[in-house]
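>
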Amino acid sequence: MNGTTPAPFTADDHRDRMARAVRQAAEAGLAGLLVAPGPDLTWLTGYTPTAETERLTLLVLAPGRDPVLVVPTLEAPDAERAPGAPALTLRDWTDGKDPYAATADLLDPAGRYGISDNTWALHLLGLQSALPGTSYASVTEALPMLRAVKDPAELALLAAAGAAADAAFEEIRTVPFAGRRESDVAADLAALLLRYGHSRVDFTIVAAGPNGADPHHEAGDRVIAHGDMVVLDFGGLKDGYGSDTSRTVHVGEPTDEERRVHDLVRAAQEAGFRAVRPGAACQDVDRAARAVIADAGHGEHFIHRTGHGIGVTTHEPPYMVEGEEQPLVPGMCFSVEPGVYLPGRFGVRIEDIVAVTGDGGRRLNNTPRDMVIVD
Ligand code: ZN
Ligand code: ZN
Ligand code: ZN
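Residue 1213 in our numbering sits at position 282 of the sequence shown, and the numbers go up by one each step.
And the structure:
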């Protein structure tokens, strides 16, 4: 992806998002928000610089003043074409000038600012030295729900990304698995995601046999064998919004135990999904899924949180994890992905993206959740 995002958002959409961000920042006791290139800037302004360079690009949002985007002069024409550009003022700075001095008068010299997590340390240090009285908090820590509630157009894009990932699964289940390397199947999956409209593939996990017991295993040289369980977990961005789904398939007929573990994870995933409704806490989704697995005696084999938010990135708040009391709100969108991992043997994970609706949840992934047998 480069230049502007293809998402169909108008200057008014971006004006609303920036106004919401300023409001939330003020409520959090911040003097404003400073946003460098990355997902927050893309979401707020529609601007995604072609390349992230050492030259400072920074959106300054503060109550009572219009949004200002500080940009290098040579990148200003690109920024002017961003969908959100009409909703902000551009301030360019030229090589040889001090970009932090060019930004300093926009800031309260004693203010505490939220700053986007992926801002380069170089830039934060530059701001701190230009304005030693300022202080900073991570936007993700201070405003974790900034991008969490999606509007109908965003939900439609997430649903389309989910449908594209589902189409990739429906096709990958028909290819030969036995005798090929994990990395071969992963390459097939990446090609399918692109063919079904993704612009970027973020991950294609293909974890066969004992590799499936390691949730972080990506894909390697292991030759997939008859009798292997294979965890597939893949996703990326389509039209600026994310997909992320997991299915666990089996090469040939599974054993009774493999079937039992798969059924257990499926029941846990269903319980997590059923816990999704407005007003429930994020941790309730985790608890519902985890209880099913713990009751079956596999509690210690479910070694990660149940889910994470998704939007203009494939992993973001809110997190479905014990201790997260954030209530669910219609429009939030996140994964429900319990797993059971038996070290040295096999693993099972089943993952759908779920959107919170007025009275429950809606799955954005709809491929079979019973165990698919592959060749
Ligand atoms: Zn097997
Ligand atoms: Zn996943
Ligand atoms: Zn996920």
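We treat Cβ as the ideally placed atom computed from N, Cα and C, and that holds for glycine.
Could you check what DSSP says for Trp1024 in three-state terms: helix, strand or coil?
In the structure shown, Trp1024 sits in a strand (DSSP, three-state: E or B).
> With a 10 Å radius around its C-beta and 16 neighbouring C-beta atoms as the bar for buried, classify Asn1296 as buried or exposed.
Buried, by the Cβ-count rule.
> Let's see if you can read the secondary structure: which residues bound the beta strand (DSSP E) around Ile1046?
1043-1046 is the extent of the beta strand (DSSP E) around Ile1046.
> From Pro1030 to Glu1006, what distance separates their C-alpha atoms?
Taking the straight line from one Cα to the other gives about 14 Å.
> Less than 6 Å separating the Cβ of Pro1185 from some heavy atom of ligand 1?
Yes; taking the cut-off as 6 Å, the Cβ of Pro1185 has a heavy atom of ligand 1 nearer than that.
> Determine, using beta carbons only, whether Val1132 and Leu1123 come nearer to each other than 7 Å.
No. Outside cutoff.
> Sort Asp1036, Val1271, Ile1284, Asp1226 by Cα distance to Pro1249 and report the nearest one.
When each option's Cα is compared against that of Pro1249, the closest is Ile1284.
> Can you give me the Cβ contacts of Gln1214 inside the same chain, cut-off strictly under 8 Å, excluding the 5 residues immediately before and after it?
Correct list, in chain order: Met1251, Val1252, Glu1253, Gly1254, Glu1255, Glu1256.
> Quick one: is the Cβ of Ser1266 within less than 6 Å of any heavy atom of ligand 3?
Ser1266 Cβ: within cutoff of ligand 3.
> Start and end of the alpha helix (DSSP H) containing His1054?
Residues 1052-1061.
> Assuming Tyr978 and Ala1013 form a contact by the criterion Cβ under 8 Å, report the distance between their Cβ atoms to the nearest whole angstrom.
With a Cβ gap of about 4 Å, Tyr978 and Ala1013 count as contacting.
> Cβ of Thr1189 within 6 Å of any heavy atom in ligand 1?
A quick correction: the sequence has Glu, not Thr, at residue 1189. Glu1189 Cβ: within cutoff of ligand 1.
> So Ile1103 is in the alpha helix (DSSP H); what residue range does that whole segment cover?
That run of the alpha helix (DSSP H) goes 1083-1103.
> Return helix, strand or coil for Thr935, following the three-state DSSP convention.
With a pLDDT of 40 at Thr935, under the threshold of 50, the modelled position of this residue cannot be trusted; read the value that follows with caution. Of the three classes helix, strand and coil, the one that applies to Thr935 here is strand, per DSSP.
> Would Ala1041 and Gly1057 be called neighbours here (beta carbons separated by less than 7 Å)?
No, the pair does not count as a contact, with Cβ atoms beyond the cut-off.
> If you draw a straight line from the alpha carbon of Met1263 to that of Thr1071, how long is it in whole angstroms?
C-alpha separation (whole angstroms): 16 Å.
> Determine, using beta carbons only, whether Arg1294 comes closer than 7 Å to chain D.
Considering every chain present, this structure includes no chain D. It has just one protein chain.
> Use the C-beta contact count for Thr936: other C-beta atoms within 10 angstroms, 16 or more gives buried, fewer gives exposed.
Residue confidence for Thr936 is low, a pLDDT of 44 falling below 50, so the modelled location carries little weight; the figure read from the coordinates is stated next. Answer is buried; the Cβ neighbour count reaches 16.
> Is there at least one non-hydrogen atom of ligand 3 closer than 6 Å to the beta-carbon of Asp1217?
Outside the cutoff, so no.
> Mind checking whether Ala1121 and Thr1135 have CB atoms under 7 Å apart?
Yes, the pair counts as a contact, with Cβ atoms nearer than the cut-off.
> Inspect the beta-carbon positions of Arg1112 and Val1154 and report whether they are closer than 7 Å.
Contact: yes.
> For the structure I just gave you, are there three or more beta carbon pairs, one from the segment 1288-1295 and one from the segment 1181-1197, closer than 8 Å?
Taking 8 Å as the limit for Cβ pairs, the verdict is that the segment 1181-1197 does not touch the segment 1288-1295.
> Any contact between the segment 1094-1108 and the segment 979-997? By contact I mean 3 or more CB pairs, one from each, below 8 Å.
They do not touch, by the three-pair rule.
> Does the beta-carbon of Gly1174, which I'm using as the reference point, lie nearer than 6 Å to any heavy atom of ligand 2?
Per the sequence presented here, residue 1174 reads as Ser, with Gly not at that position. No; taking the cut-off as 6 Å, the Cβ of Ser1174 has no heavy atom of ligand 2 nearer than that.
> Between Gly1128 and Ala1095, is the Cβ-Cβ spacing less than 7 Å?
Yes, they are a contact pair.
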